[in-house]
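A.B. asks: Quick one: structure below, then a few questions.
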Amino acid sequence: MSINIKGRSFLTLKDFTKEEVQYLLDLSLDLKKKKRVGIKGNSLERKNVCLIFEKTSTRTRCAFETAVYDEGGNVTFLTNSQMGKKESIEDTAKVLGRFYDGIEFRGFKQETVESLSKFSGVPVWNGLTDLYHPTQVLADFLTIKENTTKPLNQCKLVYAGDARNNVANSLMIGAAKVGMDFTAVAPKELHPDKELLAEVIEIAEKSGSVIEVTTDIDNGLKGADAVYTDVWVSMGEEDKYEERIKLLEPYRVDMKMMEASGNPGVIFLHCLPSFHDLNTTIGLEVFEKYGLKEMEVTDEVFRAPFSKVFDEAENRMHTIKAVMVATLGNI
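Quick look at the structure:
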């Protein structure tokens, strides 16, 4: 079946079919191979892309910029606009749509990226909002695909930690779309939104995916092909460290948790950044206040051979490139 998503925005994986997600992963692999052998792309030649960032970023910004340049396009990094201050999001979108061929947004409200898509008239890509992080999940799925001999619809992904954050939401949606089994292991206070969970289970019933949410760490980990975690405190929640530490310390990913999978080929994933040691300002502050040397994952797991976090980070670039090429490029 021919897949054509040109002109579409990439706001949440809920908007895409299993076949479209698989197409983006296959395109990512193809673009990755071409970059590795030095084949220069031109799919975004004469295309201008605007990157809007309300939140700080390392991987997302660098992935978008590098991906655009690799394919012959041009980038504006916009952080000091009047959007939402002296000019409405609608008006800003209409202006940027006259200047640019595509827009990326990384910020707080999902409504903002949806408005940019509605009013700009060009493809808009969600680089992260409080609700969703869809480009991250494409990188995660590509990393799983590269590190297992099984198709995604025969894999099990286990997420341990804050299961109602944007990454967990998007992993759950993505798993349901492609038919992958997904288990969230988390304290009840941090289980996914009930409405979203019901929606995802409905999607899963059609794809053959099994979606589970549990507090039982050992049972939840059984049969995992990949174990995933994220920071305990998301951007904008910096006042919640004490509360989250009390809730999530039992869910720290350690060697015992990895072994509970019963799978000698299990891999560890993390969207990064990670507090696995004391080599960050925030990590040191948390240690001085709460006595924790590691938070969501132990340093032993983070640095283990089965940890694929830097392959995963690299794959942000290849999958983001695929999204832009598929929705905007000259293909």
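According to my numbering, the sequence shown is numbered sequentially starting from 1084.
Positions of the beta carbon are idealized from the N, C-alpha and C atoms, including for glycine.
1) According to DSSP, is residue 1390 part of a helix, a strand, or is it coil?
2) With 16 other CB atoms within 10 Å as the buried threshold, where does residue 1153 fall?
3) Check whether the region 1348-1358 touches the region 1387-1399, counting contact only when three or more Cβ pairs, one atom from each stretch, lie closer than 8 Å.
4) Can you tell me whether residue 1335 is buried or exposed? The criterion is at least 16 other CB atoms within 10 Å of its CB, across all chains shown.
5) Starting from residue 1088, trace the alpha helix (DSSP H) in both directions and tell me its first and last residue.
6) For a test of the three-state rule: what should DSSP assign to residue 1242, helix, strand or coil?
7) DSSP three-state label for residue 1413, please.
8) Count the C-beta pairs between the region 1218-1229 and the region 1243-1263 that are closer than 8 Å, then say yes if the count reaches three, no if not.
9) Indicate the three-state DSSP secondary structure (helix, strand or coil) for residue 1145 in the structure shown.
10) Please list the segments of the beta strand (DSSP E) lying wholly inside the region 1197-1242, counting only runs of 3 or more residues, in order along the chain.
11) Does any CB atom of chain C fall closer than 8 Å to the CB of residue 1110?
12) What residue from 1127, 1212, 1203 has the CA that sits closest to residue 1190's CA?
13) Taking the C-alpha atoms as reference points, what is the distance between residue 1039 and residue 1381?
14) Using the rule of at least 16 other Cβ atoms within 10 Å of the residue's Cβ for burial, across every protein chain shown, is residue 1410 buried or exposed?
15) Is residue 1411 near the ligand NAD, judged by its Cβ being under 7 Å from some heavy atom?
16) Go through the region 1309-1367 residue by residue and report every complete run of the beta strand (DSSP E) that reaches 3 residues or more, in order.
17) Counting beta carbon pairs with one atom in the region 1329-1344 and one in the region 1263-1270, are three or more of them shorter than 8 Å?
18) For residue 1405, which of 1188, 1225, 1237 has the nearest alpha-carbon?
19) How long is the line joining the alpha carbons of residue 1128 and residue 1155, rounded to whole angstroms?
20) On the three-state DSSP scale, how would you describe residue 1119?
21) Pairs of beta-carbons, one from the region 1160-1174 and one from the region 1134-1142, closer than 8 Å: are there three or more?
22) Near residue 1250, what residues of its chain come up, given a Cβ to Cβ distance below 7 Å and the 5 sequence neighbours on each side ignored?
23) Excluding five sequence neighbours on each side, which residues of the same chain lie with their C-beta closer than 6 Å to the C-beta of residue 1175?
24) Which word fits residue 1093, buried or exposed, when buried means at least 16 other C-beta atoms lie within 10 angstroms of its C-beta?
25) Quick one: what does DSSP say residue 1402 is sitting in, helix, strand or coil?
26) Output needed for residue 1293: all residues of its chain with C-beta closer than 6 Å, excluding positions within five of it in sequence on either side, in chain order.
27) Nearest to residue 1278 by alpha carbon, out of 1288, 1300, 1299, 1247?
28) If you drop the 5 nearest sequence neighbours on each side, which residues of the same chain put their C-beta closer than 7 Å to that of residue 1172?
C.D. replies: The short version:
1) strand
2) Here residue 1153 is buried, its C-beta having at least 16 other C-beta atoms within 10 Å.
3) yes
4) buried
5) It is not in any alpha helix (DSSP H) - residue 1088 carries neither H nor E in the DSSP assignment.
6) strand
7) coil
8) yes
9) helix
10) Counting only runs of 3 or more, we get 1207-1211.
11) No chain C appears in the structure shown, which is made up of a single protein chain.
12) 1212
13) Past the edges of the chain, shown from 1084 to 1414, lies residue 1039, and the structure says nothing about it.
14) Classification of residue 1410: buried, given that the 10 Å Cβ count is 16 or more.
15) Questions concerning the ligand NAD fall outside what the structure shown contains, since it holds no ligand whatsoever.
16) Secondary structure in the region 1309-1367: the beta strand (DSSP E) runs of 3 residues or longer, each lying completely within the stretch, are 1309-1312, 1350-1353 in chain order.
17) yes
18) Comparing Cα positions, the closest option is 1225.
19) 4 Å
20) Reduced to three states, the DSSP call for residue 1119 is helix.
21) yes
22) For residue 1250, where only same-chain residues beyond five positions count, the Cβ hits under 7 Å are 1216, 1219, 1313, 1354.
23) Within the same chain, residue 1175 has close Cβ partners 1166.
24) buried
25) helix
26) 1264
27) 1247
28) 1166, 1195, 1198, 1199
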